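The sequence shown begins at 200 in this note's numbering and counts up by one.
I have placed the structure first, in the form of structure tokens, so that the comments after it can refer back to it.
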Amino acid sequence: MAFRRSALSNFLQITRAFRYSTIPLSSNSPSLIHGIHVFHCPDEVGIVAKLSECIAQHGANIHYVDVFVPEKKQVFYSRSEFVFDPVRWPHDVMLNDFMNIGKLFNAKRSVVRVPDLDPKYKIALLASNQDHCLVDVLHDWQDGRLPVDISCVISNHDRAPNTHVINFLKRHGIPYYYLPADEGNKREREILDLVKGTDFLVLARYMQVLSAGFLESYGKDIINIHHGLLPSFKGSNPAKQAYSAGVKLIGATTHFVTPELDAGPIIEQMVERVSHKDSLQSFVQKSQSLEKQCLRRAIQSYCELRVLPYEGKKTVVF
């Protein structure tokens, strides 16, 4: 979708005026830090101009702007990345400035994130007996590739004391809670107590269906990884279902959890080609590799404010 002509003209004028301003500003300056702003409001002329003017007038430098306005729909989405000097544009002033723009345009969502100043997202990981996604997230966290703090790991399967996962968690002081579940008791009340204070949850191959009551009580986003291309091959053992069906492309899907099984808004999907030469074992190995990559990318995108809800069952992913 193209910018409206007048909005684009204003945006370019403001950007040019700022970039060639006499105000000294270098992206390499150690005093500059990175900011992100996402915006969702009814569409009208002047939104881009106002947002860019707000950033520019504080001596900040816009590095990236992405805008989405669906065809024939009066709704506007944007995501901006910029660098700024927190002395010249204090964090609380920035929040207030963007809040005022949100009020001006009746925004449904206006979120600012400054990774160097804001606390990391606090998450909990839920997993069952398969380790590949859980281990991958833990290692990415350890290596600093995921901007999160892990409060705990919850599982409906026990793990022996000297397993890699348990040793890793002990070494880093992350609690592990074993809550055996069955159809009569999924331990949801206990899980809710354990995840209080988290910003979102990650189901790293957690093979339990969370109830609508749990989702309502938690009230925040939950990201799930499905080892298949939704909506195909739902439910248990989709890799074997796909292998038996003779598919030529396999995939993995990350999506938000909703009361309907494997039907939440999709965040990320990845695919890989397979053939008649693949055994079930190689098929599963390729599938697990995709799952790890797909979950990692979804968590990172979510933390970088790249994922916005769209029309209930969809997402805008910048």
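Positions of the beta carbon are idealized from the N, C-alpha and C atoms, including for glycine.
From a predicted model like this one, the values you see are computed outputs, not experimental measurements.
Which listed residue (the options) has its alpha carbon closest to that of residue i
i: G418; options: Y320, I449, S443 and V456; result: V456
i: E510; options: Y276, S230 and H257; result: Y276
i: I353; options: V515, Y376 and G372; result: Y376
i: K385; options: E490, Q407 and S488; result: Q407
i: L504; options: V286, S309 and D291; result: S309
i: Q568; options: S327, N355, H371 and L494; result: The displayed coordinates of the chain run from 200 to 517. Any statement about residue 568 would go beyond what the structure contains.
i: K395; options: S230, P379, S416 and V313; result: S416
i: I300; options: V311, K249 and P285; result: K249
i: G343; options: F517, K476, R495 and K512; result: R495
i: H363; options: A380, H338 and F238; result: H338
Nearest-angstrom Cα separation, counted from residue j out to residue i
i: F281; j: V268; result: 21 Å
i: D315; j: I235; result: 11 Å
i: E382; j: S279; result: 45 Å
i: I254; j: L294; result: 12 Å
i: K307; j: L324; result: 29 Å
i: S208; j: V470; result: In this prediction, S208 scores a pLDDT of 45, lower than 50, which makes its location untrustworthy; the coordinate-derived value is nonetheless stated afterwards. Their backbone Cα atoms lie some 39 Å apart in a straight line.
i: V359; j: I373; result: The residue asked about is misnamed: residue 359 is Ala in this sequence, not Val. Going from the Cα of A359 to the Cα of I373 covers about 16 Å.
i: A259; j: H233; result: 10 Å
i: Y405; j: D330; result: 10 Å
i: I246; j: S410; result: 40 Å
i: E490; j: D461; result: 15 Å
i: R472; j: L448; result: 5 Å
i: A206; j: V244; result: Note on A206: pLDDT 47, under 50, position unreliable in the model; no value is reported.
i: Q256; j: V264; result: 16 Å
i: K512; j: N361; result: 42 Å
i: D284; j: H290; result: 10 Å
Residues bridged to residue i [DSSP beta-bridge criterion]
i: F517; result: DSSP output for F517 lists no bridge partner at all.
i: E280; result: I235 and Y263
i: I422; result: V401 and F455
i: Y376; result: I353
Close beta carbons around residue i, own chain, < 7 Å, minus the five adjacent residues each side
i: V515; result: F267, Y276, L507 and Y509
Interface flag, residue i vs chain D, CB-CB below 9 Å
i: G245; result: Among the chains of the structure shown, chain D does not appear; only one protein chain is present.
Residues of its chain near residue i, where Cβ-Cβ distance is below 6 Å and the 5 sequence neighbours each way are ignored
i: A497; result: I422, T453, I466 and E467
i: A380; result: N355, R386 and Q407
Cutoff 8 Å; reference residue i; Cβ partners in own chain excluding five residues on either side
i: P458; result: S410, A411 and L414
i: V311; result: G234, I235, H236, M293, L294 and F297
Check your understanding: Taking one C-beta from the segment 344 to 355 and one from the segment 313 to 333 each time, how about it: are there three or more such pairs within less than 8 Å?
Key -> yes
**Study point:** the segment 324 to 336 / the segment 358 to 370 touching (three or more Cβ pairs under 8 Å)
**Key:** yes
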